[in-house]
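Trainee:
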Amino acid sequence: MKEVKSVCILGSGGREHAIGYAFQKLGVDLFFYPGNAGTKKIGKNLQIDNFAELEVFDLVIPGSEEYLAKGISDGRSNVFGPDSRGARLESSKCFAKLFMEKHGIKSARFEIATTHEQLYDALKQFNPPYVVKLDGLAQGKGVIITHSFDEALDKGTKLMNGNMFENVKGPVVVDEYLDGWELSAIAIVNGRDFVLLPFTKDYKRALTNDEGPNTGGMGAYGPVQIDEKLKGKIEELFNKTLVGLEKESIYYRGFLYIGLMIVDGEPYVLEYNVRLGDPETEVIVSMEPEQFALSILKAYGKEPIDEYTPKCCAVDVVVASEGYPESPKKGQEIRFQEGGFFFYGGVNEKNGKLVVSGGRVLHSMGIGGNLQEAREHAYKNINNVYFDGMYYRTDIAGNE
Ligand code: AMP
Ligand code: GLY
C-alpha cells in the first residue's frame, strides 16, 4: 500500500468530520481546509490561499464536488477524486444524461431545453408530475417537481434564465417522473475497478413524514439490505459507467455515488455524484471506520479493494437550525453534555464557545447490532446537546 502519513480533507461539514474520524483510526496526521470546530478536535484546520499548497500532503480528499468541478484534481496525483472532465458527471446534468444514453445506462426518459419554447415543447411530451432540473450545480436546489404544467414552465424558465438562484443558469433537463424508492449506492473506484460501500438511505425532505422542502439530507441509515438480484443490477450500472468513462478516455479514481430510484425491482440512475454523500458518509464511516479508510488507501494506491460487510448498523439524525434550508438561524451557543457521539456540521468556535454556523448543525449518531438499536441510540444521543431553535425529524429509520 502507498505510504500515507498526512491527509488533507477539503470541506467543512459532517461528511468531512467523519472522513477525518476514519483516518484518525489509522494514526495519520490530519489537516482540514477550511474545516469546522469538530475537525479542529481531531486535526489542524488550515487557511489555504493557493491550491498549489496541497502538494505537501500525501493524500488530499475533496469532500464537496465544487473542488473537483473546478479542477482541483487536474494534474495533481495526490488528490483522490476525478479530474474536471470526470466531475462533469455531476456538474452537468445534460452531460450525465447524454452519457447514460450513449452507454446504455438506465435512467428516466428525458429532453433537454435551452429556451422557453423548447421547454414548453419538452414538457408537452410528459405527463404530470413534471420534473425539471438545472444543468449545473445548485446544491440540491435545482430540481423542480410539480403537478402543474404552468408552474413547471414558469419555474423551469426562471431556472434557465438565472432568475431562481444567483449566478446559476443554463439549460434544463426535463425528466420523466419515476415512482419508486430511493437508494444511495456509493463505490470507491481505483482507476480500473470499483467496490461498493454499504448501501444507505438518505431522507431529503426537511420534516417528519417527508413533508417540507428538499434539503441536503436530514438523516440516513445503513446498511440497507437488498437482494442479490437487485445488487447485481446495480453493479451492472457501475460497470457500464466505468466502461463508458474509459471509452471517453476519462480516467476515474475516487468516489462514484449513484442516486438510484428502484421501480418494480429495476434500478434507474437519478443522478451521479463524484464524491461521497452527506449524511451517507457519517453512516458508512460509523459502521466500519478503519475498513473505510483502508479501502480508500488501497484505491489511492490503485490496488484491488475488497468489499466488506459491516458488522453493525448505524443511524444519523441531523440536528438542524430553525429556518433551514431557506435561511437557518445562526450564532446560537451550543451546549453539550459529556459522552455524546456527534459529527459536527455547521459548528464554529467563537470566543471559546461553540456556536451554530450553518443549517445542518450536528449529526447525532447511533450504532447498534440491529437498526432498531442504532436508531434508539441516535435519538437518545440528541439529549446530549441543546441549542436554541434546534429541530430534527423523528422518523429517521423509523418505518423500515
Ligand atoms: P437529483 O438532484 O437529480 O438527485 O434530484 C433530487 C431529488 O429529486 C431526487 O433525490 C429525487 O427525490 C427527485 N427526483 C429527481 N429526478 C426524479 C425523477 N425523474 N423522478 C422522480 N423523482 C426525481
Ligand atoms: N445526501 C445527498 C448528497 O450528498 O448528495
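Heads up: the sequence shown runs through residues 1114 to 1513, numbered per the numbering used here. Ideal placement from N, C-alpha and C gives every residue a C-beta, glycine not left out. Please read these numbers as outputs of a predicted model, since none were measured by experiment.
Am I right that glycine 1124 and glycine 1176 are in contact with their C-beta atoms under 8 Å? What's the rounded C-beta distance?
Mentor: So it is a contact: roughly 3 Å between Cβ atoms.
Trainee: Give the DSSP bridge partners of glutamate 1224, in chain order.
Mentor: Looking at the DSSP assignment, glutamate 1224 forms a beta bridge with Val1287.
Trainee: Is alanine 1209 close to ligand 1? I mean its beta-carbon at under 7 Å from any heavy atom of the ligand.
Mentor: Answer for alanine 1209: no, Cβ out of range of ligand 1.
Trainee: Is the beta carbon of leucine 1236 closer than 8 Å to that of valine 1287?
Mentor: Yes, these two residues count as a Cβ contact at 8 Å.
Trainee: DSSP three-state call for valine 1117: helix, strand or coil?
Mentor: DSSP places valine 1117 in coil when its eight states are reduced to three.
Trainee: Taking DSSP as the reference, what is the three-state secondary structure of histidine 1216?
Mentor: Correct three-state label for histidine 1216: coil.
Trainee: Leaving out five residues on either side along the sequence, give the residues of the same chain with a beta carbon under 7 Å from the beta carbon of proline 1242.
Mentor: Hits under 7 Å: Ile1258, Thr1259, His1260 and Tyr1290.
Trainee: Between the stretch 1372-1384 and the stretch 1340-1359, do three or more beta carbon pairs fall short of 8 Å?
Mentor: In short, these stretches touch, since the Cβ pair count reaches three.
Trainee: What are the start and end residues of the alpha helix (DSSP H) that includes arginine 1128?
Mentor: Counting along the chain, the alpha helix (DSSP H) containing arginine 1128 begins and ends at 1127-1137.
Trainee: Less than 8 Å between the C-beta atoms of glutamate 1384 and glycine 1367, yes or no?
Mentor: The answer is no: Cβ separation not under 8 Å.
Trainee: Once you ignore the five residues that flank histidine 1229 on each side, which residues in its own chain have a CB closer than 8 Å to its CB?
Mentor: Hits under 8 Å: Leu1266, Thr1270 and Met1273.
Trainee: Do you know offhand how far serine 1297's Cα is from tyrosine 1370's?
Mentor: Taking the straight line from one Cα to the other gives about 7 Å.
Trainee: By the three-class DSSP mapping on this structure, what secondary structure does lysine 1157 have?
Mentor: Three-state DSSP puts lysine 1157 in a strand.
Trainee: Assuming proline 1284 and aspartate 1248 form a contact by the criterion Cβ under 8 Å, report the distance between their Cβ atoms to the nearest whole angstrom.
Mentor: Right, the Cβ-Cβ distance comes to about 5 Å (below 8 Å), so this counts as a contact.
Trainee: Apart from the five residues on each side of it in sequence, which residues of its chain come closer than 8 Å, Cβ to Cβ, to arginine 1388?
Mentor: Counting only Cβ-Cβ distances below 8 Å, and skipping sequence neighbours, we find Pro1175, Gly1176, Ser1177, Glu1178, Leu1181, Gly1194, Glu1203, Gly1367, Phe1368 and Tyr1370.
Trainee: Quick check: does the Cβ of valine 1285 come within less than 7 Å of any heavy atom belonging to ligand 1?
Mentor: Outside the cutoff, so no.
Trainee: Taking buried to mean at least 16 other C-beta atoms within 10 Å of its own C-beta, is alanine 1165 buried or exposed?
Mentor: Classification for alanine 1165: exposed.
Trainee: Do methionine 1213 and ligand 1 come close, with the Cβ less than 7 Å from some heavy atom?
Mentor: Answer for methionine 1213: no, Cβ out of range of ligand 1.
Trainee: Which residues does DSSP pair with proline 1147 in a beta bridge?
Mentor: Gly1124.
Trainee: Return yes when the C-beta of glycine 1325 is under 7 Å from any heavy atom of ligand 2, and no when it is not.
Mentor: Because no heavy atom of ligand 2 lies under 7 Å away, the Cβ of glycine 1325 does not count as near it: no.
Trainee: Would you kindly work out how many angstroms separate the C-alpha atoms of cysteine 1425 and alanine 1510, rounded to a whole number?
Mentor: So the alpha carbons of these two residues sit roughly 14 Å apart.
Trainee: If I measure Cβ to Cβ from asparagine 1240 and keep anything under 8 Å in the same chain, skipping five residues before and after, which residues do I get?
Mentor: Here the set comprises Tyr1290.
Trainee: Per DSSP, what kind of secondary structure is cysteine 1426 in: helix, strand or coil?
Mentor: The answer is strand: DSSP assigns cysteine 1426 an E or B state.
Trainee: From this set, Gly1127, Asn1483 and Ala1406, which residue's C-alpha is nearest valine 1460's C-alpha?
Mentor: Comparing Cα positions, the closest option is Gly1127.
Trainee: Quick one, are the C-beta atoms of isoleucine 1161 and leucine 1143 less than 8 Å apart?
Mentor: Cβ distance not < 8 Å, so isoleucine 1161 and leucine 1143 don't count as in contact.
Trainee: Quick check on the DSSP output: the beta strand (DSSP E) that includes proline 1380 runs from which residue to which?
Mentor: Run containing proline 1380: 1379-1386, per the beta strand (DSSP E) assignment.
Trainee: Please list, in chain order, all residues of the same chain as tyrosine 1134 whose beta carbon is under 8 Å from its beta carbon, the five residues on each side excluded.
Mentor: Contacts found: Ile1155, Val1398, Pro1402 and Phe1456.
Trainee: Going by DSSP, what residue range makes up the alpha helix (DSSP H) through alanine 1412?
Mentor: Its alpha helix (DSSP H) spans residues 1402-1413.
Trainee: Return yes when at least one heavy atom of ligand 3 lies under 7 Å from the C-beta of alanine 1298, else no.
Mentor: Ligand 3 is not among the ligands present in this structure, which contains only ligand 1 and ligand 2.
Trainee: Note down the Cα distance separating serine 1186 from asparagine 1163, rounded to an integer number of angstroms.
Mentor: The straight-line gap from Cα to Cα measures roughly 14 Å.
Trainee: Measure the Cβ-Cβ separation of isoleucine 1447 and phenylalanine 1500 and say whether it is below 8 Å.
Mentor: Result yes, Cβ atoms of isoleucine 1447 and phenylalanine 1500 sit closer than 8 Å.
Trainee: Tell me where the alpha helix (DSSP H) around leucine 1260 begins and ends.
Mentor: It is worth fixing the name first, because residue 1260 is histidine in this sequence and not leucine. Taken as a continuous stretch (DSSP letters only), histidine 1260 belongs to no alpha helix (DSSP H), as it is neither H nor E.
Trainee: Between the Cα of lysine 1118 and the Cα atoms of Gln1445, Tyr1233, Gly1304 and Leu1410, which residue gives the shortest distance?
Mentor: The residue with the shortest Cα to Cα distance from lysine 1118 is Leu1410.
Trainee: When DSSP labels each residue in this structure, what does alanine 1491 get in the three-state scheme?
Mentor: It is helical.
Trainee: Which residue spans inside the stretch 1266-1352 form an unbroken beta strand (DSSP E) run of at least 3?
Mentor: As far as the stretch 1266-1352 is concerned, its whole beta strand (DSSP E) runs of at least 3 residues are 1285-1288, 1294-1303, 1307-1309, 1318-1320, 1324-1327 and 1332-1335.
Trainee: Report buried or exposed for glutamine 1404, applying the criterion of at least 16 other Cβ atoms within 10 angstroms of its Cβ.
Mentor: Glutamine 1404 is buried by the Cβ-count criterion.
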